[in-house]
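Participant:
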Amino acid sequence: MTPQSRCVECDEAITNPICPGCLDTELTYWVSERDESLIDSFRNNNVTPLEEYFEETQCVVCGNRMNLCAHCFCKDALEFIKERNPGLVNKFIRHFDFELIS
Numbered sequence: 117m118t119p120q121s122r123c124v125e126c127d128e129a130i131t132n133p134i135c136p137g138c139l140d141t142e143l144t145y146w147v148s149e150r151d152e153s154l155i156d157s158f159r160n161n162n163v164t165p166l167e168e169y170f171e172e173t174q175c176v177v178c179g180n181r182m183n184l185c186a187h188c189f190c191k192d193a194l195e196f197i198k199e200r201n202p203g204l205v206n207k208f209i210r211h212f213d214f215e216l217i218s
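Residue numbers (my numbering): 117 to 218.
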């Protein structure tokens, strides 16, 4: 496994290469459909990948290079949901199932 295919947050292999940008688009849509009042704070709270760590892993959706795995991105989004609308947690986990619950 080359270092380029590891997540900068958890250091695990990126096995589901969907970039934070594509996940952010989907998450923003998902949040807006369920609790419109969260949109502005969600957009301001989203995870921004560290550009200096971009390497060879490419998103299977858009082709952009990436460095953060879907699990870590969604884990951070889950924490946001837990803090602001706990009633959405189970729906979020079902929709964005990136092994968020062990």
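Glycine included, each C-beta is placed from N, C-alpha and C at the ideal position.
Here the structure is a predicted model, which is why all the values come from computation and not from measurement.
1) Compute the Euclidean distance between the alpha carbons of Asn-132 and Ala-186, then round it to the nearest angstrom.
2) Within 10 angstroms of its Cβ, does Thr-173 collect 16 or more other Cβ (buried), or is it exposed?
3) Whole angstroms is fine: what's the gap from Val-124's alpha carbon to Phe-189's?
4) Once the 5 residues before and after Ala-193 are set aside, which same chain residues still bring their CB inside 6 Å of it?
5) Where Asn-183 and Glu-195 are concerned, what is the direct C-alpha to C-alpha distance, given to the nearest angstrom?
6) Can you look up Pro-165 in the DSSP assignment and give me helix, strand or coil?
7) Just list the residues that DSSP pairs Ala-129 with in beta bridges.
8) Within 10 angstroms of its Cβ, does Ile-155 collect 16 or more other Cβ (buried), or is it exposed?
Facilitator: Judging by the given coordinates:
1) Looking at the two C-alpha atoms, the distance is approximately 7 Å.
2) Around the CB of Thr-173, 16 or more other CB atoms lie within 10 Å, so the residue is classed as buried.
3) Rounded to the nearest whole angstrom, the CA to CA distance from Val-124 to Phe-189 is 11 Å.
4) Cβ neighbours of Ala-193 beyond the five flanking positions: Leu-143.
5) Those two C-alpha atoms are separated by around 20 Å.
6) The predicted model places Pro-165 with a pLDDT of 47, which falls under 50 and marks its position as unreliable; any figure quoted below should be read in that light. DSSP places Pro-165 in coil when its eight states are reduced to three.
7) In the DSSP assignment, the residues bridged to Ala-129 are Arg-122.
8) The residue is exposed, with fewer than 16 neighbouring Cβ atoms inside 10 Å.
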